[in-house]
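**Q**
The structure is reproduced here in structure tokens:
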């Protein structure tokens, strides 16, 4: 069969792999927003820039994030299989694969959120204090508004990283486009199929990055 005929033959499996990757990405990125964003804000608020000294909560959160980010991803996934089975009920498939992916996404995004917030000018806090705002008003109406462009870029970068991480999940039964490329491309000696899958991933990453950059420029209040 020609290259085009091969792609057409394996298209049902390719579409299934895209759906599996979409499930893993959707769940992990949602969890990074729901947990990674407040964790990053908590890191920033407990940092020495805010309180004159790093609190105990800062060291706990910092230890968790540093531990997760320093752990080799494949070994992390394998090590977490018993926990995944305990939490999800099974260890294989896109939904169980979303569990370790979500933990990594939360850690990466939380660290990036902290770094973005550290770049917010001190004048913003002084302005909020002069207006008599409480902590939550300061976070919602001043801190996050001022840093929204950087936060979106951080989320975009996290998403791109998780696209790459998601390709590894096929090795441990998570499925996805990485599993498709290895199973139907590399292991079957059909390198055209593998290159096709890789090309789709590259185009996807470019689209995500371009969308993130474009929206971040439009919402950047400094321009």
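Numbering (my numbering), first residue to last: 22 to 244. Just so you know, even glycine gets a beta-carbon here, dropped at the ideal spot from N, CA and C.
#1: Could you check which residue in 183, 219, 129 and 132 has the C-alpha nearest to that of residue 119?
#2: Quick one: Cα of residue 38 to Cα of residue 196, how far?
#3: Do three or more CB pairs link the segment 193 to 213 to the segment 108 to 125 at distances below 8 Å?
#4: Leaving out the 5 sequence neighbours to the left and right, which residues in its chain are closer than 8 Å to residue 177 when beta-carbon positions are compared?
#5: For residue 125, report the span of its alpha helix (DSSP H) as first-last.
#6: Measuring only the C-alpha atoms, how far is residue 67 from residue 214?
#7: For the alpha helix (DSSP H) that residue 208 lies in, which residues bound it at each end?
#8: Within a Cβ cutoff of 6 Å, which residues of the same chain sit near residue 98, ignoring the five residues on either side of it in sequence?
#9: Determine the DSSP secondary structure at residue 200, reduced to helix, strand or coil.
#10: Just checking, does the segment 123 to 137 make contact with the segment 163 to 181 on the three C-beta pairs under 8 Å criterion?
#11: Within 10 angstroms of its Cβ, does residue 188 collect 16 or more other Cβ (buried), or is it exposed?
**A** The short version:
#1: Numbered from its first residue, the chain shown carries residue 119 at position 98. Of 183, 219, 129 and 132, the residue nearest in Cα terms is 183.
#2: Along the chain shown, one-based indexing puts residue 38 at 17. Along the chain shown, one-based indexing puts residue 196 at 175. Near 6 Å, if we compare the C-alpha coordinates of residue 196 and residue 38.
#3: As far as the Cβ criterion goes, the segment 193 to 213 touches the segment 108 to 125, which means the pair count is three or higher.
#4: Counting from 1 along the chain shown, the entry for residue 177 is found at position 156. In its chain, beyond the 5 residues on either side, 229, 230, 232, 233, 234 and 237 have a beta carbon closer than 8 Å to the beta carbon of residue 177.
#5: On the chain shown, position 104 is the one that residue 125 refers to. That run of the alpha helix (DSSP H) goes 115 to 139.
#6: If you number the chain shown from 1, residue 67 lands on position 46. If you number the chain shown from 1, residue 214 lands on position 193. Residue 67 and residue 214 have their C-alpha atoms some 49 Å from each other.
#7: Here the question's residue 208 lines up with position 187 in the chain shown. Neither: residue 208 is in no alpha helix (DSSP H) and is coded neither H nor E.
#8: The residue given as residue 98 occupies position 77 in the chain shown. These residues qualify, in order along the chain: 121 and 193.
#9: Position 179 of the chain shown, counted from the first residue, corresponds to residue 200. Helix, per DSSP.
#10: The segment 163 to 181 and the segment 123 to 137 touch, with three or more beta-carbon pairs separated by less than 8 Å.
#11: Mapped onto the chain shown, residue 188 falls at position 167. Buried is the call here.
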